[in-house]
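Trainee: Residue numbers (this note's numbering): 39 to 309.
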């Protein structure tokens with residue numbers, strides 16, 4: 039077994055993987071019933087960096103993202119093959135015997151459309167902590183403040199924590215969802231097109247927040263916006279028809295891609 043945190047011995051295209059990823063998929067296949075949506079994907083997620091996944095609609099980006107926190111388990115007939123390893127423990131997140139609820143506590147997710155619960159702002163933030171059994175009011179209050187500060191929302195809502203989250207603006211709701219994800223102190227946060235439903239001002243705030251988050255948590259983001267991927271990501275992966283075409287440092291992907299298919303997509307020849 040490799041040492042804790044070590045990348046599996048690989049050759050060829052995997053030689054330029056980051057030395058110490060926070061997670062990685064290895065020969066990952068995923069099936070919606072009889073339909074194979076992901077095909078033999080091996081991809082690292084660099085620790086405390088932003089990794090972006092780009093590609094045309096229907097290429098498997100969101101399907102891949104949702105494998106990391108076992109969202110596909112919610113629908114019967116779906117199945118995984120291969121592994122998704124979380125380091126340094128070398129835990130296979132899709133392995134038998136691994137509790138998907140615990141996986142979701144350790145790996146947060148922010149969806150395309152903000153989905154706050156129809157409860158107070160504070161109750162939204164503490165939802166995961168209460169599931170874990172935290173009941174101490176002082177600790178919960180502290181967690182609310184820290185998560186909202188981390189999501190750059192505290193100053194805007196600190197005087198109305200007991201008011202409904204549904205009264206917030208779209209951008210504020212999305213940042214509240216980020217705070218909810220941060221509250222459980224996740225090791226990895228997944229973002230699935232987090233700004234596609236937002237206006238430019240709210241989008242800029244979310245992008246600035248993601249840039250700040252890389253200092254404390256590992257980020258894996260799916261985006262259809264290549265300019266956003268170029269602005270935000272340290273590493274970028276290009277997917278097409280359920281396969282990983284290319285992965286490298288973002289600067290290389292966007293200025294000197296190794297594969298013609300990647301270049302064609304980035305330059306707008308298809309998509």
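Virtual Cβ for every residue (Gly too), placed ideally from N, Cα, C.
In this text the structure is predicted, and so the values were computed from the model without any measurement.
Taking C-beta to C-beta, are residue 229 and residue 255 nearer than 8 Å?
Mentor: Looking up residue 229 in the chain shown gives position 191. Looking up residue 255 in the chain shown gives position 217. It is not a contact, given that the beta carbons lie outside the stated cut-off.
Trainee: Are there 16 or more other CB atoms within 10 angstroms of the CB of residue 82, so buried, or fewer, so exposed?
Mentor: Within the chain shown, the letter at position 44 stands for residue 82. Classification for residue 82: buried.
Trainee: From this set, 179, 57, 174, which residue's C-alpha is nearest residue 163's C-alpha?
Mentor: Translated into positions along the chain shown, residue 163 becomes position 125. For the residues 179, 57, 174, the minimum Cα distance to residue 163 belongs to 179.
Trainee: Residue 243 by DSSP, collapsed to three states: which one?
Mentor: Position 205 of the chain shown, counting from 1, holds the residue named residue 243. Helix.
Trainee: Less than 8 Å separating the beta-carbons of residue 222 and residue 167?
Mentor: For this step, residue 222 is matched to residue 184 along the chain shown. For this step, residue 167 is matched to residue 129 along the chain shown. Taking 8 Å as the Cβ cut-off, residue 222 and residue 167 qualify as a contacting pair.
Trainee: Run the CB neighbour count on residue 73, radius 10 Å, all protein chains shown included, and call it buried at 16 or more, exposed below.
Mentor: In the chain shown, counting from the first residue as 1, residue 73 sits at position 35. By the 10 Å Cβ count, residue 73 comes out exposed.
Trainee: Starting from the N-terminal side, write out each stretch of the beta strand (DSSP E) that is 3 residues or longer and does not extend beyond the region 183-241.
Mentor: You should have 226-230.
Trainee: Is the region 77-93 touching the region 270-288 in the sense that three or more CB pairs, one from each, lie closer than 8 Å?
Mentor: In short, these stretches touch, since the Cβ pair count reaches three.
Trainee: Alpha carbon to alpha carbon, how far is residue 108 from residue 133?
Mentor: Reading the chain shown from its first residue, position 70 is the one you call residue 108. Reading the chain shown from its first residue, position 95 is the one you call residue 133. Cα to Cα, the separation comes out at about 10 Å.
Trainee: Provide the residue span of the alpha helix (DSSP H) that contains residue 161, from first to last.
Mentor: The sequence position of residue 161 within the chain shown is 123, counting from 1. Segment 159-169, the alpha helix (DSSP H) holding residue 161.
Trainee: Could you spell out the range, first to last residue, of the beta strand (DSSP E) harbouring residue 66?
Mentor: The residue you call residue 66 lines up with position 28 of the chain shown. Where residue 66 is concerned, the enclosing beta strand (DSSP E) stretches over 59-70.
Trainee: Between which two residues does the beta strand (DSSP E) harbouring residue 123 extend?
Mentor: Sequence index remark: in the chain shown, residue 123 carries index 85 (1-based). Counting along the chain, the beta strand (DSSP E) containing residue 123 begins and ends at 116-124.
Trainee: Below 6 Å CB to CB, which residues in the same chain sit around residue 292 once its five sequence neighbours on both sides are set aside?
Mentor: Along the chain shown, one-based indexing puts residue 292 at 254. Excluding positions up to five away in sequence, the list reads 268.
Trainee: Here's a check: name, in chain order, each residue in its chain whose Cβ is nearer than 8 Å to the Cβ of residue 140, leaving out the five neighbours to either side.
Mentor: The residue given as residue 140 occupies position 102 in the chain shown. Closer than 8 Å at the Cβ level, and outside the excluded window around residue 140, lies no residue.
Trainee: Taking all protein chains shown into account, decide if residue 36 is buried (16 or more other Cβ within 10 angstroms of its Cβ) or exposed.
Mentor: What is shown of the chain runs 39 to 309, which leaves residue 36 out entirely.
Trainee: In the DSSP assignment, find the alpha helix (DSSP H) that holds residue 295 and state where it starts and stops.
Mentor: Translated into the one-based positions of the chain shown, residue 295 becomes position 257. Taken as a continuous stretch (DSSP letters only), residue 295 belongs to no alpha helix (DSSP H), as it is neither H nor E.
Trainee: Which residues in the same chain as residue 116 place their Cβ atom closer than 8 Å to its Cβ, once the five residues preceding and following it in sequence are excluded?
Mentor: Here residue 116 is taken as the residue at index 78 of the chain shown, counted from 1. So the qualifying residues of the chain are 68, 69, 70, 71, 110.
Trainee: Between which two residues does the beta strand (DSSP E) holding residue 136 run?
Mentor: Walking along the chain shown from the start, residue 136 turns up at place 98. Where residue 136 is concerned, there is no enclosing beta strand (DSSP E), given that its DSSP letter is neither H nor E.
Trainee: Since residue 99 is in the alpha helix (DSSP H), which residue starts that stretch and which ends it?
Mentor: Within the chain shown, the letter at position 61 stands for residue 99. Residue 99 -> alpha helix (DSSP H) spans 99-105.
Trainee: Return the first residue and the last residue of the beta strand (DSSP E) that residue 147 is part of.
Mentor: Locating residue 147 in the chain shown gives position 109, counting from the first residue. 145-148 is the extent of the beta strand (DSSP E) around residue 147.
Trainee: Looking at residue 216 and residue 148, is the spacing between their C-beta atoms short of 8 Å?
Mentor: Locating residue 148 in the chain shown gives position 110, counting from the first residue. Locating residue 216 in the chain shown gives position 178, counting from the first residue. Yes, the Cβ-Cβ distance between residue 148 and residue 216 is below 8 Å.
Trainee: For my contact list, residue 277 and residue 97 are in at a C-beta cut-off of 8 Å; report their separation, rounded to the angstrom.
Mentor: Counting from one through the chain shown, the residue named residue 277 turns up at place 239. Counting from one through the chain shown, the residue named residue 97 turns up at place 59. Confirmed, Cβ separation roughly 5 Å.
Trainee: What did DSSP end up calling residue 73 once you bin it into helix, strand or coil?
Mentor: Indexing the chain shown from 1 puts residue 73 at position 35. Note: residue 73 maps to strand in three-state DSSP.
Trainee: Who does residue 82 pair with in a DSSP beta bridge?
Mentor: Counting from 1 along the chain shown, the entry for residue 82 is found at position 44. Residue 82 pairs with 62.
Trainee: Give the C-beta separation of residue 79 and residue 63 to the nearest angstrom, bearing in mind that I take them to be a contact with Cβ-Cβ under 8 Å.
Mentor: In the chain shown, residue 79 corresponds to position 41, counting from 1. In the chain shown, residue 63 corresponds to position 25, counting from 1. Contact flag correct, Cβ pair sits at about 5 Å.
Trainee: Would a C-beta distance cut-off of 8 Å place residue 101 and residue 76 closer than the cut-off?
Mentor: As a first step, residue 101 is located in the chain shown; it is residue number 63 there, counting from the start. As a first step, residue 76 is located in the chain shown; it is residue number 38 there, counting from the start. In this structure, residue 76 lies closer than 8 Å to residue 101 by Cβ.
Trainee: Report all residues from its chain with a CB closer than 8 Å to the CB of residue 236; omit the five preceding and five following residues, and keep chain order.
Mentor: Stepping through the chain shown from its first residue, residue 236 is reached at position 198. Excluding sequence neighbours, residue 236 sits near 208, 209, 212, 244.
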